[in-house]
Amino acid sequence: MDSKKLAELCRDFADNKKAENIVVLDVRDLSSVTDYFVIASGTSEPHLRAIVEEIIDQLRDHHDLRPFRRDGSVQGAWVVLDYFDVIVHIMRTDVRERYNLENLWGDAARLKPRKTAKAPASKAPNRKRKEN
């Protein structure tokens with residue numbers, strides 16, 4: 227699987243668990259360590275745990291991929307999943323603001339989220355007028 231597709235999958239899996247402010251940074255021209263950073267926020271330990279588990283489980287079960295390394299903890303409010311070409315950072319919002327990776331890697335291009343098809347507008351139900 228190419229690194230861009232992997233980064234997009236990580237973003238989608240984080241979104242499955244309602245991660246906030248998901249950003250994918252293309253660092254291929256800026257780093258020899260990895261191709262993409264995926265950065266996402268969670269609001270609590272259980273939320274962070276759910277996001278981390280969703281990414282790990284989905285990539286393992288459906289794509290036979292496992293992180294080379296996992297660092298940090300949900301108690302520490304920052305978990306890093308290293309998939310070689312993609313490094314995923316899942317952080318509590320306050321920790322993310324403090325370390326501000328987006329600013330640190332400010333020269334990196336951002337991958338735009340895929341456009342999702344909008345559900346058709348539902349029609350208002352017909353309401354019959356009550357007769358007296």
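Numbering (the numbering used here), first residue to last: 227 to 358.
C-beta: ideal position from N, C-alpha, C; glycine also.
Going by C-alpha distance, which of the options is nearest residue i?
i	options	result
His315	Arg254, Ile265, Phe294 and Ser270	Ile265
Ser270	Ala245, Val312 and Glu323	Ala245
Tyr262	Leu274, Ile248 and Arg322	Ile248
Asp311	His288, Arg318 and Asp252	Asp252
Run through DSSP, which three-state label would residue i get?
i	result
Phe294	coil
Asn242	helix
Asp320	helix
Leu337	coil
Asn326	coil
Determine the direct distance from the alpha carbon of residue j to that of residue i, and round the result to whole angstroms.
i	j	result
Arg292	Asn329	28 Å
Asp308	Asp320	22 Å
Leu232	Trp304	20 Å
Pro272	Ser229	28 Å
Ile313	Val259	9 Å
His370	Asp255	With the chain running from 227 to 358 in the structure shown, residue 370 is simply not present.
Sort out for me which residues DSSP pairs residue i with in a bridge.
i	result
Val306	Asp297 and His315
*In the stretch 233–289, which residue ranges form an unbroken alpha helix (DSSP H) of at least 4 residues, counting only runs that do not cross its ends?*
271–289
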